[in-house]
Each structure stands twice: as structure tokens, then as C-alpha cells.
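The first sequence maps to residues 8 to 516 in the working numbering. Let me begin by presenting the structure, written as C-alpha cells, before commenting on it.
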Amino acid sequence: MTEGASKLEQVRIDKLEKIRALGLDPWGGRFDDRQTIADVASQAPEEPGTTTETVVRVAGRILGLRDKGRVVFIDLQDKTGRIQLFIGKKQVGEENWNIVGLLDLWDLVGAEGKLGRTKTGEASVFVESLTLLTKTIAHPPEKYHGAQDIEIRLRRRYLDMIQNPEVLARFESRAKIVRFIREFLGQREFVEVETPTMHSIAGGAAARPFVTHHNALDIELFMRIALELPLKRCLVGGVDRVYEIGRVWRNEGIDASHNPEFTMLELYEAYGDYETMMELTESLIVGAAEALGNGLKLPYGEREIDMTRPWRRATYDELLREKYGFGLDDTEQARAEAIKREIEVDGKHPDVIMDALFEEGVSDELVAPTFVIDYPASICPLTKRKAGNERVAERFELFINGMEVANAYTELNDPLLQEQLFSTQLEGQEEEDSMAKMDHDFIAALKHGMPPAGGLGIGIDRLVMLLTNSQTIRDVIIFPLLRPERGQGGKESSEEHAGDGEVLDDESD
RNA sequence: GAGGGCGUAGCUCAGUCGGUAGAGCAACGGACUUUUAAUCCGUAGGUCCUGGGUUCGAGUCCCAGCGCCCUCACCA
């Protein structure tokens, strides 16, 4: 028996020799001039029991196989859809019929034949020639329910994609959204750049980084948590409209809206400000929604989200007052409210307490797209203070369905203030929870003159969730992080492996 | 990180009060030239997540561990 093969797999492995005995390669090869199954199916005649003279050529995976003796029906699936193959013993000839006898569910085959419709009305290819393209060894999941277990579906996403066409469709939507964004920004003359993903200072956001090590340089490096600082250096260099779409890593918890690695869009527009960014954000997201062609009233779970422009704009202070009846500067009332809600207040800066209240009571309830503008300056160390009101910063966050989708600033370009803010850590904040991490090299860049600019960050995964009615981030990340399975790596399992002799013991039968 | 739930055949799931493990699909052998979750006859298939414990006896009860899911906390 072949090593590692289950009994069910062994049955299929044994068929490989029979296939070779027919002079065929079980792993197939090039198959030219195929048409998509959706295309072919749409050309099938209306009338049941008819066959056209149109010869079609399709390839795909066998998802259904009904053996009626001297006729076999196969449901063939490709990315675009499914069609039935009708294979009659007499019609197809001995050579092809021999192949039919060795087929299993989930094998990949190509077929050529006349397009028609069976008596029972099923669009079918009446096969004249059959090509085995790849034999499958693994036993497929149950044909009707498929693999239901979420763990299997995530770990073996390919199974999920094969048995649930909407899974593949969702990733195609994601690709469409990203393609739209690149086209949109290209039209506005933004330049796409790729900046380093390993930083010696993990700046630009408040998050715990992943740590790694470069051997030759013998230095500690951090996987980036934001794209911000390198892109602003590009602004200094004269790339006055610049963006990057890239992966960032944050060493935090995992749940329905958080994956340790996710994709950010960040862009910077010289001579703009956060007002400029609001217009751009609306145009970009509405454009992306339109690119999917599902209109602007988006179903999301039990709700409908109306994306029609213009979107509401409300100040942070205003929204606090709406919810709690007090504003940004009513620190005593905020403290009392926080204690009532069992929010930790000891040793915390009043604005940090205020922000906790904002996140708990306000932002969760913003369902329709809402720009929350003018944040407390103290929690925005990379943002320009508002002209005439130093208390707040020119920042907005866009909330849709209670989820933060975008974050934008009028960028701080005063190197002296920036240096000061980098060295001021708010009381009660851990270093890792602060955006204020001193980056001398970045300050040096600002000293050469960064133009006034608007900057914007959008979480692509969350945007895709919203536009594809996905309830968890794992539905839009093709291989979300899971703990490795036993024996597949990871510290514990490798330690276990060091001690066992399983591999050597296998000779016994 | 805390609390709760789940883990049985390749897959989908049953398994009563603790008494030697069940079905459907898939597989294997056979019948069938218009089926479509095809049908019919027959056969085979189990580390009941892992390791302990209680018991005459554990899939079932207890303890520990592993994995996944949900809620909460941190975070976008």
C-alpha cells in the first residue's frame, strides 16, 4: 500500500495503472480551445430532446456522476457554471468508454460533443470524445451537503471553493474592488509604490507588531503595522499623489473583524486636506460599490445600508452630545459616565476616557455611512491641529454599520511639533498602544519640507466585507490564519515529533 | 486572556438510563441507453479528538490537554 494513503485513496491509486494501461496519462496535459461552461450552457437549444450540430469543447471537474449502465451522466463544473455530459456507450466508442469506467467524482476531464438538451430538459453535451485531464486521489466530501465543518472549509479553502460557488464569487468581487481602486486612483494620477514591510520602528498606528530578525545584519525588525510613514517620505520626495495597497500585520486578537494580517490602502494627496479626502473617500467607495453592479442600497445581514451620497458629516463633539448629553470638554461628566459603564479610568488621560466612551456608545450605532470629524488632538499625534481650534485635530473616521472603514487626516507637516508629539506619551497609555513612537529618520524627512496634504487609510478587507455582505473577515481573506494542525509545525507538535518513532514504525504491515 | 458550546466511518449526521458502534451519501461487486441528491440487490469500511480516572463494563460519567466555533476583553 502506498505510504499515507487511506483505503479509499488506495482504490483510486490502483486505477492509475489501469489508466496507464490504456496508454493515457492520469495527470493530463494541455487542452486547447475550450469554451466556458456558462457560455456553452447559454447556447443550448430550448426544446427538450433536441441536439444541435454545434460542437462544443469544455473542461472541468466532475461534481456528479450517474451511471445508468450503457449511458452515464456527468455534471461538469468550471469557474463559470455547470453543464451535464451525456455519454452513451454506443455513441462514444470503445476507447472513450474505457475511460468512463475509470472516472471518479472530482476528477478533471475535458469533453467534446454536440450541444443539446435531454428529454428531461437538461442542457447537455452529447459527448463524442472524452479526455482525462487529472485523476483525483483524495476522496471528496459528501456530494449533497459538502464539507460543512468551518474548520475544514477554512483550512482547505479549495474544497470550500469547489463546493460553494459563492465563495469563489466573493473572491472575484474582492479582485474587482481592488482593480477598481487602482483604476480610480490611476485616473486621478496617483502613483502606486511598494514600501518596505519590515521596519526597524513599527510606526504610523497604535498596535502591537510582530517581531522578526535579520540574520546577516543581526537586527530586530518589526513587520509593518501601517503604510503611513514611508508614504509621507514619498510626499517629501515630490511624489505628490501616492498610494500603496499592501499587507500589514498586527499582533492582536482574532475575531470576526480582525485577522493578524490584513490589507490596507493608504494614499496621500499633496496640497489637499481632510476635506479633500472626504470627497475622495465617498467617490472611491461609491465607485467600488457600483463596480460590483449591485446598486447602492446594500443588504448587510438583517440590515440595508444606503450608500447614496452625500454622506452624513458630524463632529466628534456633536455625536458625544447626542449620545451622552455632554461634550468633549466635560471631562468630569465623562469620567462619571465611564465609571458607570465599568470602563477603566485610573491614570488615564481624559481624552482616552472620552474615546473609550465614543467607541462604546457612539461609533457602534453609526449604520449609514458617517464621517466623524474633528477628533481630540491629543489622540492624533500625526494630524494637523484645526486652524483656530487647537483642541481638535483635522481627522475623520468613516463608520459604516458600526465598523471603522476609513481613517483620514490633514497630515501634520510641522517637524518640530511632530518631534514633540512623538516624545509625548499620554499618561496611562502603554508604549505599544500609542502612535507616538519616536522616528528620527521620519522627522529628518519632514525637516526637508513635506507639502500640506490629505491622507487616507482604508481597510480593504472590511470594505470588501461591507460590499459583499460578508459577516466575518474570514469570508474575504482567502487563507485566514488558523493555529497549525498537529504534526504540521508549531512549537508543541515539533517537540512531540522529536520523541516519537511513528515514521519508522510504519513498516509493520 | 476569560466564559460557554462542539469533536463518532472519507463526508453529513444519529447514538436513549453506562451494557460489545448506527444510517444516508461516497467506495467496492452486480443490474439498468434520457438520468439529475437516479433507482434496485449485495459487500466492506471505526484511534468514537488525545491521555488519565471512576466502574464488572465508558462514545456516554469525572479530570487534564489539543483543535474549532460563539460571546467578552485588546485591536482596524
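The beta-carbon is built from N, C-alpha and C at its ideal position, and this holds for glycine as well.
L112 places its beta carbon 8 angstroms or farther from that of I44. The residues Y250 and L274, in chain order, have a CB closer than 7 angstroms to that of L192 in the same chain once the five nearest residues on each side in sequence are set aside. Residues P216, F229 and I232 of the same chain have their beta carbon placed closer than 6 angstroms to that of A209, with the five preceding and five following residues left out of the count. According to DSSP, residue pairing for T57 in a beta bridge involves R124. Q91 sits in a strand when the DSSP states are folded into three classes. A straight-line Cα-Cα distance of about 10 angstroms links R77 and Q98. Cβ-Cβ separation between R328 and T377: approximately 15 angstroms, too far for a contact (criterion under 8 angstroms). G368 has its alpha-carbon roughly 15 angstroms from the corresponding atom of Q340. Minimum Cα-Cα distance from A343 among the listed residues Y323, L326 and L364 corresponds to L364.
Per DSSP, the unbroken alpha helix (DSSP H) holding S49 starts and ends at I44 to S49. The C-alpha of K86 is placed about 18 angstroms away from the C-alpha of G153. With contacts defined by Cβ atoms closer than 8 angstroms, F333 and L373 do not form a contacting pair.
Straight through space, the alpha carbons of F269 and K355 are spaced by roughly 30 angstroms. In this structure, the alpha-carbon of A413 lies about 20 angstroms from that of M361. Residue environment analysis places W34 among the exposed positions, since fewer than 16 neighbouring C-beta atoms fall within 10 angstroms of its C-beta. About 7 angstroms separates the CB atoms of L291 and I188; that is less than 8 angstroms, so the two are in contact.
DSSP, reduced to helix, strand and coil, places Q340 within a helical segment of the structure shown.
In this structure, the CA atom of G308 is about 37 angstroms from the CA atom of A51.
For D85, the uninterrupted beta strand (DSSP E) segment begins and ends at V78 to D85. Distance from the CA atom of Y416 to the CA atom of H220, rounded to whole angstroms, is 33 angstroms. In summary, V255 is buried, with 16 or more beta-carbon neighbours lying within 10 Å of its beta-carbon over all protein chains present.
Sequence-distant partners of T57 (beyond 5 residues in either direction) whose C-beta falls short of 8 angstroms from its own C-beta, in its chain, are G123 and R124.
Counting along the chain, G253 sits inside no alpha helix (DSSP H); it lies in the beta strand (DSSP E) bounded by residues R248 to W256. DSSP, read as helix, strand or coil, puts M285 in helix.
The criterion of a C-beta distance shorter than 8 angstroms is satisfied by D482 and R177. Just measuring C-alpha positions, the residue of A118, K393 and P55 sitting nearest D39 is A118. Distance from the Cα of T204 is smallest, within the candidate group P237, L305 and P172, for P237. The C-beta distance from A223 to L470 rounds to 38 angstroms, too long to meet the 8 angstroms contact threshold. Nearest to R310 by C-alpha distance, out of E135, K126 and L473, is L473. Across the structure, H447 and P306 are spaced so that their CA atoms are roughly 47 angstroms apart. Here H447 carries a helix assignment [DSSP, helix/strand/coil].
Taking the Cα of G464 as reference, the smallest distance to any Cα among G88, I81, G211 and T59 is reached at G211. For the pair E16 and H146, the CB atoms are nearer than the 8 angstroms cut-off.
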